[in-house]
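Be aware that the sequence shown starts at -11, since it is given in this note's numbering, and climbs by one per residue.
Even glycine gets a Cβ: it sits at the ideal position worked out from N, Cα and C.
In what follows, a single structure is set out as structure tokens and then discussed.
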Amino acid sequence: MCEPRYFEVRYAINPWMDTDTPVDRALAREQWGNLVQTYRDHGHTVETVAPVEGLPDMVFAANAALVVDGRVFGSSFRAPERRQESAAYATWFKAAGYDVHTPRSVCEGEGDLVPAGRFVLAGAGFRTQRAAHREVQEFFGRPVISLDLVDPRFYHLDTALFFLGEEDGEGDGTGAGDVAYYPAAFSPGSREVLRRLYPRALIATEEDALAFGLNSVSDGRHVFVAPQAHHLVDQLAHRGYVPVPVDLSEFHKAGGGIKCCTQEIR
Ligand code: ARG
């Protein structure tokens, strides 16, 4: 995770960002600190990457890479304003002893790449290019399922879907696991793919999605989730998960939430 020391909305590269709406940086730091503490309180280790002045979106650590089995597939950002973040994160990974693969196409890390059971779900349409999906499949040797995003408000896959855990309640043996998503963020064909893969998925409402409810992190039991996503929070509890509400409202102004601020080292 990367502290929001230099966080602000200085440019607009998604529909949430409005350079005329100021960010309360003190509140942002408080909310971010609360997320770190909440992870630690639930037994998770949090490492931090030093923020770089002039990179206001660097707080969105999820975009830096996809890490599976200790192997790091780095990032290559679409927006010129974010491109220098890749090197800053790669420096951290290398210092921590990881090799970093640099993608040949635009690829925004976990923003568009979601490991889900035996698959990696991959979003395209606004940021990550389809060519990167192939590259991810080749790199990890895991089947990559390409999904098309169609609503600019949900420009990264992790704003429209998250993975809940390895086991789906039915134990249907598909190995697909359990996900939550907002169907209207996807093209009709991609929606159908999700319906086939995850017949028991939690279906979020537009309100849940707009509250960044799908930008959640699950450890298989606890789900760190935006408190404003009321319907989803109820559904999670009903399904036997433990919703842990964490409010990151200041980050919504930049189009990010809990998951965006969290790079998972698998
Ligand atoms: N302002 C950032 C951007 O538009 C937000 C990134 C949010 N990150 C995420 N994983 N969805 O690139």
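In or out: residue i buried (at least 16 other Cβ within 10 Å) or exposed?
i	result
E96	buried
E154	exposed
I246	buried
H210	buried
A14	exposed
D100	buried
D196	buried
P91	buried
E238	buried
F230	For the sequence presented, residue 230 should be read as Val rather than Phe. When all chains shown are included, V230 counts as exposed.
Please report how far the alpha carbon of residue i lies from the alpha carbon of residue j, in whole angstroms.
i	j	result
F150	V102	7 Å
V88	L135	25 Å
L185	R106	11 Å
N2	G129	32 Å
Q216	D45	23 Å
S206	E41	30 Å
P(-8)	G228	33 Å
H30	V232	10 Å
P176	Y169	14 Å
V94	E123	11 Å
D57	V221	30 Å
Y(-6)	H226	39 Å
P257	G165	Any answer about residue 257 is impossible in this case: the structure gives the chain only from -11 up to 254.
P39	R70	13 Å
D139	S63	23 Å
R59	E98	13 Å
V132	H121	7 Å
G208	V(-3)	33 Å
A172	Q223	18 Å
K82	P68	23 Å
E126	R183	26 Å
Taking Cβ to Cβ, would you say residue i is nearer than 9 Å to residue j?
i	j	result
L137	L109	no
W4	L236	no
Q251	Y77	yes
C(-10)	A84	no
V37	V24	no
N203	T116	no
Y143	G243	yes
H219	A192	yes
F212	V234	yes
V241	V11	The displayed chain sequence assigns Lys, not Val, to residue 241. The answer is yes: Cβ separation under 9 Å.
By the DSSP assignment, the alpha helix (DSSP H) with residue i in it spans what residues?
i	result
Y27	R13 to D29
S74	Q72 to A83
H219	H218 to H226
V37	Neither: V37 is in no alpha helix (DSSP H) and is coded neither H nor E.
V124	R118 to F128
L149	Run containing L149: none in the alpha helix (DSSP H); it sits in the beta strand (DSSP E), L149 to G153.
L198	E194 to L198
Span of the beta strand (DSSP E) holding residue i?
i	result
P176	Segment P176 to L185 is the alpha helix (DSSP H) holding P176; no beta strand (DSSP E) there.
R59	R59 to F61
H240	H240 -> not in any beta strand (DSSP E); alpha helix (DSSP H) instead, spanning S237 to H240.
V232	V230 to P233
H210	H210 to V213
A173	Segment: none, A173 is in no beta strand (DSSP E) and carries neither H nor E.
F(-5)	Neither: F(-5) is in no beta strand (DSSP E) and is coded neither H nor E.
P262	Residue 262 lies beyond the residue range present for the chain, which begins at -11 and ends at 254; the question has no answer from this structure.
Please determine whether the Cβ atom of residue i lies at a distance below 8 Å from any heavy atom of the ligand FAD.
i	result
I1	This structure does not include the ligand FAD; its bound ligands are the ligand ARG.
Report yes or no: do the stretch 67 to 74 and the stretch 47 to 57 share at least 3 C-beta pairs separated by less than 8 Å?
yes
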